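The block underneath contains the structure these notes are about, expressed in structure tokens.
Protein chains: 2
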Amino acid sequence: MKEKDNIQKKFGKHLKKLRLERGITGAELARRSFIDKPHITRLEKGETNPTLYTLIKLSQALEISLQELFQEFKL
Amino acid sequence: MKEKDNIQKKFGKHLKKLRLERGITGAELARRSFIDKPHITRLEKGETNPTLYTLIKLSQALEISLQELFQEFKL
DNA sequence: TATATAGTTACCATATATGGTAACTATATT
DNA sequence: AATATAGTTACCATATATGGTAACTATATA
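Chain order of the listed sequences is P and G.
Sequential numbering from 1 applies to the first sequence in the working numbering.
Sequential numbering from 76 applies to the second sequence in the working numbering.
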């Protein structure tokens, strides 16, 4: 579905931006979030539609709230 | 997983609260969000771990942003 | 009683999220 | 050249999110 794909791609770019702002590697984000490294790549490339639990693990790894995770995320 | 279950249950209660504040039925939320009615029940009962796409459909049906969806949602 | 509405539950089928491993590319460094 | 690191890709297996249907309970109301 095109709409869902767009959302995933935008979220992926957003996630990568947040990671790079913190100067950490994908492997480090994987380690902190307890999500495996290939899956971090898939998330950042917008190839998957993360669940709430995954979003929370990412926000915790980035040391921000769930609300802050979507601060600059516009559809 | 207990942590994941807790998150789902909290989100379910939060979602139901938001729906009731708007005075709409589960069927109406289902209609507006394009999510089927049994699945709305599962979401509100915390029996499922919604994806980002589902969260966005819910926020749009509730006429709030994704950020606002998590405004009062504390882990 | 009967009807209508809201919510729930039990199924099933399909799509996909996630984890895991391995190998690959590219880059930088020794 | 050799090593190390970062990111990616190709697999596979498993768990589960979602949709769909039907039937059920409960409540309110005509």
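Using N, Cα and C, we set each Cβ at its ideal position, and we do this for glycine too.
Computed from a predicted model, the values in this text were never measured in an experiment.
Outcome for residue i when other beta-carbon atoms lying within 10 angstroms are tallied against a minimum of 16
| i | result |
| --- | --- |
| Thr51 of chain P | buried |
| Thr25 of chain P | exposed |
| Gln71 of chain P | exposed |
| Leu75 of chain P | exposed |
Whole-number beta carbon distance between residue j and residue i, since they are thought to touch under 8 Å
| i | j | result |
| --- | --- | --- |
| Lys132 of chain G | Phe109 of chain G | 6 Å |
| Gln135 of chain G | Gln67 of chain P | Rounded, the Cβ-Cβ distance is 17 Å, inconsistent with contact. |
Sequence-distant residues of the same chain with beta carbon closer than 7 Å to residue i, five excluded per side
| i | result |
| --- | --- |
| Lys112 of chain G | Gly101, Ala102 and Ala105 |
| Leu43 of chain P | Gly12, Leu15 and Pro50 |
| Ser65 of chain P | Ser59 |
Contact check, residue i vs residue j, beta carbons under 8 Å
| i | j | result |
| --- | --- | --- |
| Leu95 of chain G | Leu137 of chain G | no |
| Ile7 of chain P | Tyr128 of chain G | yes |
Contacting residues, own chain, Cβ-Cβ under 6 Å from residue i (five flanking each side not counted)
| i | result |
| --- | --- |
| Gly46 of chain P | Gln8, Lys9 and Gly12 |
| Phe148 of chain G | His89 |
| Leu144 of chain G | Ser134 |
| Arg107 of chain G | Ala136 |
| Thr48 of chain P | Arg42 |
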